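Novice:
Protein chains in written order, with full-length UniProt numbering: chain A, 1 to 373; chain B, 1 to 373.
#1: For residue 139 (chain B), is the classification buried or exposed, using 16 other Cβ atoms within 10 angstroms of its Cβ as the cut-off for buried?
#2: Which residues bound the beta strand (DSSP E) around residue 131 (chain B)?
#3: Given a threshold of 16 other Cβ atoms within 10 Å of its Cβ, counted over all protein chains shown, does residue 223 (chain A) qualify as buried or as exposed?
#4: Any idea which residues DSSP pairs residue 80 (chain B) with across the strands?
#5: Beta-carbon within less than 6 angstroms of residue 107 (chain B)'s beta-carbon, same chain only, minus the 5 sequence neighbours each way: which residues are those?
#6: Would you mind working out which of B:220, B:264 and B:314 sits nearest residue 243 (chain B), comparing C-alpha positions?
#7: Measuring alpha carbon to alpha carbon, tell me which of B:291, B:322, B:358 and B:126 ends up nearest residue 158 (chain B).
#8: Whose CA, out of A:217, A:197, A:323 and A:252, lies closest to the CA of residue 277 (chain A)?
#9: Could you check the C-alpha separation between residue 185 (chain A) and residue 80 (chain A) for me, to the nearest Å?
#10: What residues in the segment 348-372 of chain A bring their beta carbon closer than 8 angstroms to a beta carbon of chain B?
#11: Quick one: is residue 182 (chain B) buried, meaning 16 or more other Cβ sit within 10 Å of its Cβ, or exposed?
#12: Measuring straight from C-alpha to C-alpha, what distance separates residue 318 (chain B) and residue 237 (chain B)?
#13: Are there 16 or more other CB atoms within 10 angstroms of the CB of residue 282 (chain A), so buried, or fewer, so exposed?
#14: So, helix, strand or coil for residue 253 (chain B), using DSSP?
#15: So, is the C-beta of residue 193 (chain B) closer than 8 angstroms to a C-beta in chain A?
#16: Do we get a CB-CB distance below 8 angstroms when we pair residue 181 (chain B) with the residues of chain A?
#17: Quick test of the definition: if touching needs 3 or more C-beta pairs under 8 angstroms, does the segment 292-311 of chain A touch the segment 166-183 of chain A?
#18: Would you identify the three-state DSSP class for residue 336 (chain A), choosing helix, strand or coil?
#19: Taking the beta carbon of residue 208 (chain B) as the centre, do at least 16 other beta carbons fall within 10 Å, making it buried, or is it exposed?
#20: Measuring alpha carbon to alpha carbon, tell me which of A:199, A:135 and A:337 ends up nearest residue 285 (chain A).
#21: State the Cα-Cα distance for the pair residue 369 (chain B) and residue 228 (chain A), rounded to the nearest angstrom.
#22: Compile a chain-ordered list of the residues in the UniProt domain "PurM-like C-terminal" (199-349) of chain B whose CB is closer than 8 angstroms to at least one CB of chain A.
#23: Examine chain B for any beta-carbon lying closer than 8 angstroms to the beta-carbon of residue 33 (chain A), and answer yes or no.
#24: Note down, in chain order, each residue of its chain lying with its Cβ closer than 6 angstroms to the Cβ of residue 256 (chain B), except the 5 sequence neighbours on either side.
#25: Along the chain, which unbroken stretches of the alpha helix (DSSP H) at least 4 residues long are found entirely within the UniProt domain "PurM-like C-terminal" (199-349) of chain B?
#26: Checking 8 angstroms against the spacing of the C-beta atoms, do residue 373 (chain A) and residue 258 (chain A) come in under that value?
#27: Are the C-beta atoms of residue 109 (chain A) and some chain B residue less than 8 angstroms apart?
#28: Inspect the beta-carbon positions of residue 90 (chain A) and residue 117 (chain A) and report whether they are closer than 8 angstroms.
#29: Going by DSSP in three states, residue 152 (chain B) sits in which element: helix, strand or coil?
#30: For residue 117 (chain B), go through chain D and note every residue whose CB falls closer than 7 angstroms to its CB, in chain order.
#31: My guess is that residue 304 (chain A) and residue 210 (chain A) are in contact by the Cβ rule of under 8 angstroms, so how many angstroms apart are they, rounded?
#32: Which of the three DSSP states is assigned to residue 355 (chain A) in this structure?
#33: Can you tell me the Cβ-Cβ gap for residue 190 (chain B) and residue 248 (chain B), rounded? I've got them flagged as a contact below 8 angstroms.
#34: Check whether the Cβ atoms of residue 273 (chain B) and residue 343 (chain B) sit closer than 8 angstroms, and answer yes or no.
#35: DSSP three-state call for residue 53 (chain B): helix, strand or coil?
#36: Considering only their Cβ atoms, is the gap separating residue 150 (chain A) from residue 160 (chain A) smaller than 8 angstroms?
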């Protein structure tokens, strides 16, 4: 049994050496999460890539599938198989508390995964549901969460097609965690991915930011922020379909700014596209209650999670048409242009401030809002 | 905020009323798990089925997809989309300990999901990986698990295509949990599902049973069972492909006997097929170390999990050809016929004992081997 947990052959990658152990920030969706993906998961998972290529099964994936490496572990992957393009994504949900103003872990688990598919331009088809339940969880809580998932899936027109249930001993979970994975169909011609963002693109935000994060914090910390705030949790594939109806080639990149907020979404797309991003801070729709709560808590609204918003990178010539299509859709009626993509300062996101200056916008390190989704 | 965790509208379904709270047995894969699926998840998830049908997105799923209801929440679903048939499945892995003789949670997470696809006759294409990590987990442990997943996926010729990482506070997980979901392609003509088992079918077990469960228990309880026992964890899609190469129509139903063991697999297929199962107890290959450990622990080997075996229901006329194909494959070299399907006693599984009598074989209630996978 010397093979049990034999760690001698595993060397901690240099960029991860500051942390010999997992910290909450590794799950924050920011820099630490990226480092874990880049330096731990991708090398481990890629170890057998060449082997897989030799296997007859791999031949079923069309050559174009190699392009899905762009999405590995970060977004929905797109697999070309049997003449269709399949989007495939996964997310686990560990939000605390399970119920919050405007929704629950059930709606999040459906909307979050639907939105990951939508941000590749895919029409969501089916979701899986994998539950990890804590011994002692009230059945009524599980029943409510399952109902929320059923209703959210029905409203989104997506089927909960397969599932799994595990139970762990009391104290080894926090009520329940749920994973949803999703498959969707990418319509012909649609090619939406972070690295298609290009200089000249206009950047559109679909609505007010930060409401989900502040709604969850309000109940978690028992705080009142001088206003009602509800999670913005919503499925966005209908909005995306409306945008693609306006123009297929003009929609270059989409991202739903969840963990790490709008700042992280902009930074990730800037990095993937090898281009700069510039936006006007005052153009970003921040509801007063989010502004107030962020002031109180010392948070930057640009770092606070949304669960029903997207940021779109659209060809300049198509911006008016896409914006009009978004505003005609309930999920995008407050859509606004906040900035554009530039050939300068590739990979860097710059905000123009109210005082006429500029500041560099970065991703949070990771730990500021644990378990927000 | 009256909507937060408002449980007044949720009524506990009658069959679940013995348990107002989740018990470990709800995750055991036996009767309690089935009850939770049937009475809690399926009604909640089906609540919006008709709505989904009206949504244009649902039209992308071919009508044949309705047949996948047989697999809802229990096995891989098969979705007909764009002229191909896609198998889709999910499993969360919470095995304790993370490393055991013959493997780790990493191999299990790849093999288990590959095998769920294979048991619908599908060629596995891609897996997702969703991690829930406990704050304080050693990076080296995570690194080892990720490497195990990478190697297992490479050996199986399947790609780890997309992923997600969440972190929860110290004490709210047990090191790490991982969910893998999988998509696969069902080849033309292949139609493998529990309800295709039919009277006259021969029942084949692919190899010795119970090694995974006993291997995990041996390290968990620090027991020695008078022999070396290693998990049988293995990918079975190669074996299934060999069986289908012998005959496509003759392979009626497949199941990998994981949680709940061979007994549960037989009972579930008998129930789905509305047919009886009869088998000879002495024909089931039980390794001496499994026999000894079960005697010591008071377990029935038929209830102990395998992670690299399958049970096949094959048309009588094709049995010899399928058996020969299995024995020619490394994963099936010890395959044996253990019994047959009968029109009598539908839904009931009967074992012929060594003493010439018979006994009814049932599923475990659920709690005897928690967290075995």
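Think of the CB as a built atom: it goes at the ideal place given N, C-alpha and C, for glycine as much as any other residue.
Given the structure is predicted, the values throughout are model-derived calculations rather than measurements.
Specialist: Taking the coordinates as given:
#1: buried
#2: 123-134
#3: exposed
#4: Answer is B:85, bridged to residue 80 (chain B).
#5: 148, 152 and 233.
#6: B:314
#7: Measuring from the Cα of residue 158 (chain B), the nearest candidate turns out to be B:126.
#8: A:197
#9: 10 angstroms
#10: 370 and 371
#11: buried
#12: 19 angstroms
#13: exposed
#14: In the structure shown, residue 253 (chain B) sits in a strand (DSSP, three-state: E or B).
#15: no
#16: yes
#17: no
#18: strand
#19: buried
#20: A:337
#21: 47 angstroms
#22: Residues 219 and 237.
#23: yes
#24: The beta carbon of residue 256 (chain B) lies closer than 6 angstroms to those of 115, 119 and 310 in the same chain, with the five residues before and after it left out.
#25: 211-220, 237-246, 261-273, 288-297 and 319-327
#26: Closer than 8 angstroms, so yes.
#27: Under the Cβ criterion of 8 angstroms, residue 109 (chain A) is not counted among the residues facing chain B.
#28: Judged by beta-carbon spacing, residue 117 (chain A) lies beyond the 8 angstroms limit of residue 90 (chain A), meaning their Cβ atoms are not closer than that value.
#29: Reduced to three states, the DSSP call for residue 152 (chain B) is helix.
#30: Among the protein chains in the structure shown, which are A and B, there is no chain D.
#31: 4 angstroms
#32: coil
#33: 6 angstroms
#34: A distance of 8 angstroms or more separates the beta carbons of residue 273 (chain B) and residue 343 (chain B).
#35: At residue 53 (chain B) the pLDDT is 38, less than 50, meaning the model places this residue with poor confidence and gives no usable figure here.
#36: yes
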